[in-house]
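Please read the structure below before turning to the comments.
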Amino acid sequence: MQKYNNTKIIIGLDHGYGNIKTAHRVFRTGVECFEEEPIVSVNYIKYKDKYYVIGENHLIYQGNKTDSQDFFILTLAGLAEELKFRGLHEAKVVLAVGLPLAWAKSQAADFKKYLMQEQELFFSFRKESYRVHLCGVEVFPQGFAAVCNAGSMKGFNMIADIGNGTMNVMQIVDGRPLEKSLVTDKFGVSICMKEIQKELSKSAGESVPEIMIEPMLINGLQGRTDDVAKIVSRIAERYAGDILKRLVDYGYKESLVHLYVIGGGGCLLRHYSDIASKGNVTFIEDICANAKGYEYLAMQKQRRQAV
Numbered sequence: 013m014q015k016y017n018n019t020k021i022i023i024g025l026d027h028g029y030g031n032i033k034t035a036h037r038v039f040r041t042g043v044e045c046f047e048e049e050p051i052v053s054v055n056y057i058k059y060k061d062k063y064y065v066i067g068e069n070h071l072i073y074q075g076n077k078t079d080s081q082d083f084f085i086l087t088l089a090g091l092a093e094e095l096k097f098r099g100l101h102e103a104k105v106v107l108a109v110g111l112p113l114a115w116a117k118s119q120a121a122d123f124k125k126y127l128m129q130e131q132e133l134f135f136s137f138r139k140e141s142y143r144v145h146l147c148g149v150e151v152f153p154q155g156f157a158a159v160c161n162a163g164s165m166k167g168f169n170m171i172a173d174i175g176n177g178t179m180n181v182m183q184i185v186d187g188r189p190l191e192k193s194l195v196t197d198k199f200g201v202s203i204c205m206k207e208i209q210k211e212l213s214k215s216a217g218e219s220v221p222e223i224m225i226e227p228m229l230i231n232g233l234q235g236r237t238d239d240v241a242k243i244v245s246r247i248a249e250r251y252a253g254d255i256l257k258r259l260v261d262y263g264y265k266e267s268l269v270h271l272y273v274i275g276g277g278g279c280l281l282r283h284y285s286d287i288a289s290k291g292n293v294t295f296i297e298d299i300c301a302n303a304k305g306y307e308y309l310a311m312q313k314q315r316r317q318a319v
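Next up, the structure:
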């Protein structure tokens, strides 16, 4: 096992309601707690004599991520995933994380305290042991982090970060974010998913799990013409249309604004609207873009403090 030295490493985590993203790893946000070791799954965290199976479903949206221990346990899983990628099992870590744009200021202190509830972390994931000394937490606005190194961004730009729980919108003019433009709208992809499940349940007479619907939202219908595909297409097109209407309400003007679309909701806009054909639209397809941006911003902050 590699021992950590005095060097602190920065690990970015994007705490979504659908997926947790590090700079190099992605996994679903389900958390199920067990008192005894799971019989079938090996995809679990062992922490303080309890077992947490990770990734078998998605979290239900909650306005404040500190309302339960779910995101703390998912943070442990994210640390393990990224440390494993880097060939480490022990490290001194600075966490770089984000919050929805309009909530970054009001919730940052509580989120930092929540993530720092334990500085010495001893846990296992997939039966491999990890030891982390948590040196600090930096909190940044999500969405903006994904494009923070995208260049000068001249002119009028808008970011739409469409996640499972929320849609976050920000305007950037000549590289300068406009504080008054920050919007966090509780209109994430989970709303579209629930509408599809409700409609399919009425049609089929039984509940349809998310895992059977997600591929069509992420990849499009891919030639499918069956009744299920028709229902998915109809509702996804309506949801995509509602997103575009909201973006117009928040200042989007097709001929004047360069739109940057981030997050899982971008897949719906790409496959179920015509916006991808517009000249002034850029899709940030890297699902880990926010996590990478958090690391970049934390590194820049450290460099400024060192001067």
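Counting the sequence shown from 1 gives a position; my numbering is that position plus 12. Using N, Cα and C, we set each Cβ at its ideal position, and we do this for glycine too. If you're wondering where the values come from, they're calculated on a predicted model, not measured in any experiment.
Asked                                                                                                       : Found
Alpha carbon of glycine 305 to alpha carbon of alanine 157, nearest angstrom                                : 4 Å
Beta-carbon proximity list for glutamine 14, same chain, < 6 Å, skipping 5 on both sides                    : Below a pLDDT of 50, predicted positions are generally treated as unreliable, and glutamine 14, at 47, falls in that range; no measurement from the model is reported.
Per DSSP, cross-strand counterpart(s) of alanine 172                                                        : Val181 and Val273
DSSP-derived helix/strand/coil call for threonine 87                                                        : helix
Beta-bridge pairing of isoleucine 21 - partner residues as DSSP gives them                                  : Val105
Assumed close pair alanine 248, leucine 271 - CB separation to whole angstroms, cut-off 8 Å                 : Actually they do not touch by this definition, with Cβ atoms about 19 Å apart.
Cβ-Cβ distance between aspartate 82 and valine 43 below 8 Å                                                 : yes
Ranges of the beta strand (DSSP E) found wholly within the stretch 90-155, counting only runs of at least 3 : 102-111, 132-137 and 140-153
Beta strand (DSSP E) runs wholly inside the stretch 181-256, at least 3 long, in chain order                : 195-197
Heavy atom of the ligand GTP within 7 Å of glycine 24 beta-carbon                                           : By its list of ligands, the structure shown contains no ligand whatsoever, and the ligand GTP lies outside what it can speak to.
Inter-residue spacing [alpha-carbon to alpha-carbon] between threonine 288 and isoleucine 296               : Looking at the sequence itself, residue 288 is alanine, so the reference to threonine does not match. Each residue's alpha carbon lies about 12 Å from the other.
Whether glycine 155 touches methionine 182 by CB criterion (8 Å)                                            : yes
Proximal residues to glutamate 94 (C-beta, below 7 Å), its chain only, five neighbours per side dropped     : Ile23, Thr34, Ala35, His36 and Arg37
Inter-stretch contact (C-beta, 8 Å, three-pair minimum) for the stretch 275-283 and the stretch 127-141     : no
Between the CA atoms of valine 269 and asparagine 292 - distance to the nearest angstrom                    : 7 Å
Whole-angstrom distance between leucine 281 and glutamate 207, CA atom to CA atom                           : 17 Å
Where methionine 13 falls: helix, strand or coil (DSSP)                                                     : For methionine 13, the predicted structure reports a pLDDT of 41, less than 50, and the residue's modelled location is therefore unreliable. The matter cannot be settled from this model.
Close beta carbons around glutamate 211, own chain, < 7 Å, minus the five adjacent residues each side       : Ile243 and Ile247
Unbroken beta strand (DSSP E) run spanning lysine 33, endpoints                                             : 31-33
Nearest neighbour of arginine 250, chosen from Leu309, Met205 and Glu218 [CA to CA]                         : Met205
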